[in-house]
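Residue numbers (my numbering), protein chains in the order written: chain B, 1084 to 1167; chain V, -8 to 95.
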Amino acid sequence: MIEYTVHILAAAMVFTTVKILVGPTVWDRLLAFNLLSSKLIMIIVMCAIIFEKHYLLDIAITYALLGFVSTLFIARFVKDKGRI
Amino acid sequence: MRELIGNIIIGIGLVFVLLGIFGVYRFKNFYSRILIASKVDTVGFITICAGVMIRNGLSWFSLKVLLLAAVVMIINPVVTHAIASSAYHGGFSLPGEGEDAADS
Chain B
1084 MIEYTVHILA AAMVFTTVKI LVGPTVWDRL LAFNLLSSKL IMIIVMCAII FEKHYLLDIA
1144 ITYALLGFVS TLFIARFVKD KGRI
Chain V
-8 MRELIGNIII GIGLVFVLLG IFGVYRFKNF YSRILIASKV DTVGFITICA GVMIRNGLSW
52 FSLKVLLLAA VVMIINPVVT HAIASSAYHG GFSLPGEGED AADS
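Take a look at the structure:
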């Protein structure tokens, strides 16, 4: 069951990557990147269940916080049209 | 029994996630897209985390998953607000976007 969940999430990541490639504006790409990192966190949690390793969850929390910071600052950067 | 209930709840969360992916392709207006994607994705993540916690019982593993769910529950709406605010204040203009908003 959990292995099939990983496969379905990987297929969803493929569609999200297509959305990043074809998105009309930069904000569409940013939104799709947010969805992609969320799917990746779910896959890390599923791998933590499959391999029964606790430290993978620490990696997932760290990845969530780093994705938060990166997306927030890219959004601020785009809002000011490249002027820092 | 507990494992079966957890698997069913994880499946429900997976349906939410796939609906979010479908909604990103379905809607023509940007603000509809950002609404459906952020809401459905946050709900799907919380549902999947609840299924994992039910599946593993009361342990340190479940506590870490609860911490992860709390972190995502705070930061995902903040990121969505940042993207929408950036699009609104940063000159969001796309040819034909105004007419499509009435259709979709």
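All residues carry an ideal CB built from backbone N, CA and C; glycine is no exception.
Backbone CA spacing between residue i and residue j [nearest angstrom]
i               : j               : result
residue 28(V)   : residue 9(V)    : 10 angstroms
residue 73(V)   : residue 1155(B) : 6 angstroms
residue 1124(B) : residue 15(V)   : 19 angstroms
residue 1106(B) : residue 1088(B) : 26 angstroms
residue 30(V)   : residue 47(V)   : 26 angstroms
residue 1152(B) : residue 1146(B) : 10 angstroms
residue 1137(B) : residue 1130(B) : 10 angstroms
residue 102(V)  : residue 37(V)   : For residue 102(V) there is no data in the structure shown, the boundaries of chain V being -8 and 95.
residue 1095(B) : residue -5(V)   : 24 angstroms
residue 1097(B) : residue 1116(B) : 12 angstroms
Endpoints, the alpha helix (DSSP H) within which residue i is located
i               : result
residue 1129(B) : 1109 to 1134
residue 1102(B) : 1085 to 1105
residue 1137(B) : No alpha helix (DSSP H) contains residue 1137(B), which DSSP labels as neither H nor E.
residue -2(V)   : -7 to 17
Exposure of residue i, with buried meaning 16 or more beta-carbon neighbours within 10 Å
i               : result
residue 1163(B) : exposed
residue 77(V)   : buried
residue 12(V)   : buried
residue 1120(B) : buried
residue 1158(B) : buried
residue 75(V)   : buried
Secondary structure of residue i, DSSP reduced to three states
i               : result
residue 1163(B) : coil
residue 42(V)   : helix
residue 55(V)   : helix
residue 49(V)   : coil
residue 20(V)   : coil
residue 81(V)   : coil
- State whether the stretch 7 to 24 of chain V contacts the stretch 1105 to 1124 of chain B, with contact taken as three or more CB pairs (one from each stretch) at a distance under 8 angstroms. Counting Cβ pairs under 8 angstroms, three or more are found: they touch.
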